[in-house]
Structure formats: C-alpha cells, structure tokens
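J.: Under our numbering, the residues of the sequence shown are numbered 100 to 394, in order. Okay, handing you the structure first.
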Amino acid sequence: MMLKLVTSIAPLRDRVAEARRAGLQVGLVPTMGALHAGHVRLIEQARLECGCVVVSIFVNPLQFDRKDDLARYPRPLQADVAVCAAAGVDIVFAPTVEGMYPGEAECTVDVGRVADHLCGRYRPGHFRGMATVVLKLLQIVQPDRAYFGEKDAQQLAVIRHMARDFNVPVRIEGVATVRDADGLALSSRNQRLAPEERVLARSLHSLLREAERLVAEGERDPKQVTAIASGILPDDDRLRLEYLDVVDPEHIQPVERIEGPVLVAGALWVGSTRLIDNLLCHPSGAPQVAALPGT
Numbered sequence: 100m101m102l103k104l105v106t107s108i109a110p111l112r113d114r115v116a117e118a119r120r121a122g123l124q125v126g127l128v129p130t131m132g133a134l135h136a137g138h139v140r141l142i143e144q145a146r147l148e149c150g151c152v153v154v155s156i157f158v159n160p161l162q163f164d165r166k167d168d169l170a171r172y173p174r175p176l177q178a179d180v181a182v183c184a185a186a187g188v189d190i191v192f193a194p195t196v197e198g199m200y201p202g203e204a205e206c207t208v209d210v211g212r213v214a215d216h217l218c219g220r221y222r223p224g225h226f227r228g229m230a231t232v233v234l235k236l237l238q239i240v241q242p243d244r245a246y247f248g249e250k251d252a253q254q255l256a257v258i259r260h261m262a263r264d265f266n267v268p269v270r271i272e273g274v275a276t277v278r279d280a281d282g283l284a285l286s287s288r289n290q291r292l293a294p295e296e297r298v299l300a301r302s303l304h305s306l307l308r309e310a311e312r313l314v315a316e317g318e319r320d321p322k323q324v325t326a327i328a329s330g331i332l333p334d335d336d337r338l339r340l341e342y343l344d345v346v347d348p349e350h351i352q353p354v355e356r357i358e359g360p361v362l363v364a365g366a367l368w369v370g371s372t373r374l375i376d377n378l379l380c381h382p383s384g385a386p387q388v389a390a391l392p393g394t
C-alpha cells in the first residue's frame with residue numbers, strides 16, 4: 100500500500116476498511132507532528148506488528164493551556180509526510196481543526212485522579228483535551244493497536260485507563276523513550292532550545308538519574324529522593340524546576356514509602372521551553388519491571 104495523505108474522516112475510514120478487507124491489522128500512531136526519531140521508533144514498532152500503519156498529525160487546541168504555546172507549536176506537514184513515507188507508513192491522517200471539531204464540543208473526557216498530579220497540577224485542562232482527542236482518533240480509526248511514547252508517562256497512563264474504562268477495543272502499546280547521547284529525551288519542543296539552553300536541558304535527565312541511584316541504593320523516603328536529586332540542579336537563572344515527584348507507575352499517585360518500582364517524573368523550564376521526562380526506578384530487592392504497566 101502506497102502512502103496516502105488524507106485530511107478528512109470519510110476517506111480515512113475507506114482506506115482503513117480496505118486494509119481490513121485485506122486481512123491486515125491496523126496500527127495507529129497519534130502525533131502532533133514535528134516528527135523526530137522518537138516518533139519514528141513508534142512507527143517502527145507499529146510496522147513490526149501491523150499490516151497497515153496510520154499516523155495522525157493534528158495539533159490539538161484542546162490540550163494547550165496557553166495560547167502562545169499553541170501558536171508556537173511547529174507544523175512542518177510536508178517534512179512530516181516525508182518522514183512517514185521513509186518509515187513505511189501507509190496512511191497519514193492530517194485533519195483540520197474544523198474537521199475534528201465541527202462545532203463546540205459539548206462532551207469531553209473526565210480524566211479522573213490519574214491526572215491530578217505531575218503535569219495535571221500545572222496544566223489545567225490539558226489531559227481532558229488530550230484524552231478527548233485520543234478517544235476521537237480511536238473511534239475514527241478503530242485500530243487494533245495504538246502506540247504512545249513512555250516519555251509522556253502520565254499521558255500514557257491516562258490513555259490506558261480511558262481505554263479500559265470505556266471498553267475501547269484497542270491494545271495500547273507503550274514504546275521506550277528515545278534519547279540523545281547525553282540522555283536528553285527527544286521532544287518536538289527541543290527545537291526551541293538555543294545552543295546554550297540545549298546544554299542546560301540535559302540537567303533534567305541528570306536529576307532523574309540521581310533519583311534512580313538513590314532508590315537503587317536503598318533510599319525509601321520519596322521526599323528525601325526528590326530533595327537530594329533536586330539539589331544537583333545547576334544554579335542558573337534560565338532553569339526552573341516545576342516539579343520532581345515520585346509516584347506509582349499505574350495510577351500516578353504519590354507514594355509515602357518506596358516499596359516497589361516507582362516512577363520519578365520531572366518538568367523543567369529551560370528559558371521559555373518546558374521539558375518533561377521520567378524514569379522507572381527499582382529499589383534494591385524489588386522485582387524488575389521492564390516498562391510501564393500496560394493494558
């Protein structure tokens with residue numbers, strides 16, 4: 100199947116139906132575009148497991164809590180389609196805002212307590228908007244599998260709970276974070292970093308690795324873990340740590356004591372760019388978990 104770019108729902112469904120008649124499983128990779136190697140890893144995993152791969156490219160206005168952030172978000176559609184073609188994608192679905200939201204939405208997804216902490220505390224409405232558009236995409240494409248990066252661990256947890264709670268017949272697949280050589284997690288927002296900011300940005304991964312070390316060496320108090328790890332942040336006016344927290348990986352709730360695998364997650368402002376990252380950390384003697392809990 101040659102790559103097909105579609106911008107509206109009806110022709111997309113026709114192409115997916117054609118794939119299903121051919122006996123192919125359908126994999127969906129939802130994105131907001133500005134594709135990088137992390138997205139390509141998602142596409143590669145989908146390509147391995149599904150005969151038809153759909154990549155959606157849609158900058159969803161409902162999940163932006165700041166208008167300036169929405170306005171600045173990159174939209175290089177032509178380059179993104181080229182990336183998809185090189186990666187073997189079958190269908191690129193790039194709808195308009197009017198196509199996805201033909202009228203003011205009366206119903207949205209109530210994301211519940213899984214969105215109370217971490218980014219949910221600082222980005223009101225973000226996860227409601229994200230979950231709403233993901234549910235719409237799952238309903239539109241009706242894939243067998245959908246692929247999301249583990250860098251956005253809270254987003255992944257919200258989507259897994261949503262799929263279970265609404266009985267959406269899809270397997271949600273988490274794919275490991277792709278990093279640069281210095282540990283910085285790949286993100287579309289990295290494009291905004293000036294060269295000196297790019298050097299500072301690796302501080303977030305350093306904090307997470309310090310937390311990982313503390314947990315592995317026996318520290319069981321999450322407050323101690325975050326206090327000590329936060330203390331290694333360089334003293335630079337361009338850096339502002341929004342949060343560094345220890346939560347359980349499935350429900351994204353704070354833990355009082357570290358007894359098993361925990362997710363250490365952080366958000367760091369580097370200049371005017373907000374970056375997020377996380378690591379799954381294992382205390383000594385606890386069972387090793389290779390990835391975040393799945394569906």
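Where is the CB? At the ideal position from N, CA and C, for every residue including glycine. In this text, all values refer to a predicted model and were calculated from it rather than measured experimentally.
Give me the Cβ distance between residue 239 and residue 105, rounded to the nearest whole Å; I'm assuming they're in contact under 8 angstroms.
T.: Within the sequence shown, the letter at position 140 stands for residue 239. Within the sequence shown, the letter at position 6 stands for residue 105. Not a contact, Cβ separation roughly 11 angstroms.
J.: On a CA-only basis, which of 128, 317 and 241 is nearest residue 266? Give me that one, please.
T.: In the sequence shown, counting from the first residue as 1, residue 266 sits at position 167. Just measuring C-alpha positions, the residue of 128, 317 and 241 sitting nearest residue 266 is 241.
J.: If contact is defined by three or more beta carbon pairs under 8 angstroms, each pair taking one atom from either stretch, is the stretch 230-237 in contact with the stretch 106-118?
T.: no
J.: For residue 272, write down the residues that DSSP places opposite it in a beta bridge.
T.: Residue mapping note: residue 272 aligns to position 173 of the sequence shown, counting from 1. Residue 272 pairs with 246.
J.: Under a Cβ-count criterion, where at least 16 other Cβ atoms within 10 Å of its own Cβ denotes burial, should residue 334 be classed as buried or exposed?
T.: As a first step, residue 334 must be located in the sequence shown, where it is residue number 235. Label assigned to residue 334: exposed.
J.: Are residue 221 and residue 341 closer than 9 angstroms when you measure CB to CB?
T.: As a working note, residue 221 is residue 122 in the sequence shown. As a working note, residue 341 is residue 242 in the sequence shown. In this structure, residue 341 lies closer than 9 angstroms to residue 221 by Cβ.
J.: Which residues bound the alpha helix (DSSP H) around residue 231?
T.: Sequence index remark: in the sequence shown, residue 231 carries index 132 (1-based). From DSSP, the alpha helix (DSSP H) with residue 231 extends over 225-240.
J.: Give me the Cα-Cα distance between residue 313 and residue 319, rounded to the nearest whole angstrom.
T.: Indexing the sequence shown from 1 puts residue 313 at position 214. Indexing the sequence shown from 1 puts residue 319 at position 220. A direct Cα-Cα distance of roughly 9 angstroms separates residue 313 from residue 319.
J.: Comparing C-alpha positions only, which one of 371, 145 and 379 sits nearest to residue 345?
T.: Here the question's residue 345 lines up with position 246 in the sequence shown. Considering only alpha carbons, the answer is 379.
J.: Report the option in 374, 126 and 269 whose CA atom is closest to the CA atom of residue 306.
T.: Translated into the one-based positions of the sequence shown, residue 306 becomes position 207. Considering only alpha carbons, the answer is 374.
J.: Per the DSSP calculation, residue 365 is bridged to which residue(s)?
T.: Here the question's residue 365 lines up with position 266 in the sequence shown. The partner list for residue 365 (beta bridge, DSSP) reads 343 and 376.
J.: In angstroms, rounded to a whole number, what distance separates the CA positions of residue 261 and residue 268?
T.: Position 162 of the sequence shown, counted from the first residue, corresponds to residue 261. Position 169 of the sequence shown, counted from the first residue, corresponds to residue 268. Cα-Cα distance, rounded: 11 angstroms.
J.: Under 9 angstroms, do residue 125 and residue 154 count as touching if we go by C-beta distance?
T.: Within the sequence shown, the letter at position 26 stands for residue 125. Within the sequence shown, the letter at position 55 stands for residue 154. In this structure, residue 154 does not lie closer than 9 angstroms to residue 125 by Cβ.
J.: Could you name the residues that DSSP lists as bridge partners for residue 314?
T.: As a position in the sequence shown, residue 314 is number 215, starting the count at 1. None; residue 314 has no bridge partner.
J.: What's the call for residue 272, buried or exposed, on a 16-neighbour Cβ count within 10 Å?
T.: Taking the sequence shown and counting its residues from 1, one reaches residue 272 at position 173. Its Cβ being crowded by 16 or more others within 10 Å, residue 272 is buried.
J.: Roughly how many whole angstroms lie between the Cα atoms of residue 201 and residue 247?
T.: Here residue 201 refers to the residue found at position 102 when the sequence shown is read from its first residue. Here residue 247 refers to the residue found at position 148 when the sequence shown is read from its first residue. Answer to the nearest angstrom: the Cα atoms are 26 angstroms apart.
J.: Please state if the CB of residue 270 and the CB of residue 243 are separated by a distance shorter than 9 angstroms.
T.: Reading the sequence shown from its first residue, position 144 is the one you call residue 243. Reading the sequence shown from its first residue, position 171 is the one you call residue 270. Yes, the pair counts as a contact, with Cβ atoms nearer than the cut-off.
J.: What residue range does the alpha helix (DSSP H) around residue 327 cover?
T.: In the sequence shown, the residue the question calls residue 327 occupies position 228. 321-329 is the extent of the alpha helix (DSSP H) around residue 327.
J.: Could you compute how far the alpha carbon of residue 188 sits from the alpha carbon of residue 157?
T.: On the sequence shown, position 89 is the one that residue 188 refers to. On the sequence shown, position 58 is the one that residue 157 refers to. One C-alpha to the other measures close to 16 angstroms.
J.: Would you kindly report the start and end of the unbroken beta strand (DSSP E) that includes residue 196?
T.: One-based indexing of the sequence shown puts residue 196 at position 97. Careful: residue 196 lies outside any beta strand (DSSP E), inside the alpha helix (DSSP H) at 196-199.
J.: Can residue 213 and residue 351 be called in contact, C-beta distance under 9 angstroms?
T.: Taking the first residue of the sequence shown as position 1, residue 213 is located at position 114. Taking the first residue of the sequence shown as position 1, residue 351 is located at position 252. Yes, the pair counts as a contact, with Cβ atoms nearer than the cut-off.
J.: What residue range is occupied by the uninterrupted alpha helix (DSSP H) comprising residue 154?
T.: Position 55 of the sequence shown, counted from the first residue, corresponds to residue 154. DSSP places residue 154 in no alpha helix (DSSP H) but in the uninterrupted beta strand (DSSP E) bounded by 151-156.
J.: Based on DSSP bridge pairs, tell me the residues matched to residue 173.
T.: Translated into the one-based positions of the sequence shown, residue 173 becomes position 74. Residue pairing by DSSP leaves residue 173 without any beta bridge partner.
J.: Using alpha carbons as the reference points, say which of 297, 197, 288 and 179 lies closest to residue 281.
T.: As a first step, residue 281 is located in the sequence shown; it is residue number 182 there, counting from the start. With distances taken between Cα atoms, residue 281 lies closest to 297.
J.: Could you tell me the alpha carbon to alpha carbon distance between residue 172 and residue 193, rounded to whole angstroms?
T.: Stepping through the sequence shown from its first residue, residue 172 is reached at position 73. Stepping through the sequence shown from its first residue, residue 193 is reached at position 94. Cα to Cα, the separation comes out at about 15 angstroms.
J.: In angstroms, rounded to a whole number, what distance separates the CA positions of residue 137 and residue 362?
T.: Sequence index remark: in the sequence shown, residue 137 carries index 38 (1-based). Sequence index remark: in the sequence shown, residue 362 carries index 263 (1-based). Distance between the alpha carbons of residue 137 and residue 362: 20 angstroms.
J.: Specify, as a first and last residue, the run of the beta strand (DSSP E) that residue 139 falls within.
T.: Counted from its first residue, the sequence shown places residue 139 at position 40. Looking at the DSSP string, residue 139 is not in any beta strand (DSSP E); the run it does join, the alpha helix (DSSP H), is 136-148.
J.: Once the 5 residues before and after residue 111 are set aside, which same chain residues still bring their CB inside 6 angstroms of it?
T.: The residue you call residue 111 lines up with position 12 of the sequence shown. Only 105 and 192 meet the Cβ criterion.
J.: Name the DSSP beta bridge partners of residue 348, please?
T.: By 1-based counting over the sequence shown, the position of residue 348 is 249. Partner(s): none; residue 348 has no beta bridge.
J.: Which word fits residue 144, buried or exposed, when buried means at least 16 other C-beta atoms lie within 10 angstroms of its C-beta?
T.: By one-based count along the sequence shown, residue 144 stands at place 45. Its Cβ being crowded by 16 or more others within 10 Å, residue 144 is buried.
J.: What are the partner residues of residue 192, as DSSP defines its beta bridges?
T.: As a first step, residue 192 is located in the sequence shown; it is residue number 93 there, counting from the start. According to DSSP, residue 192 bridges with 105 and 155.
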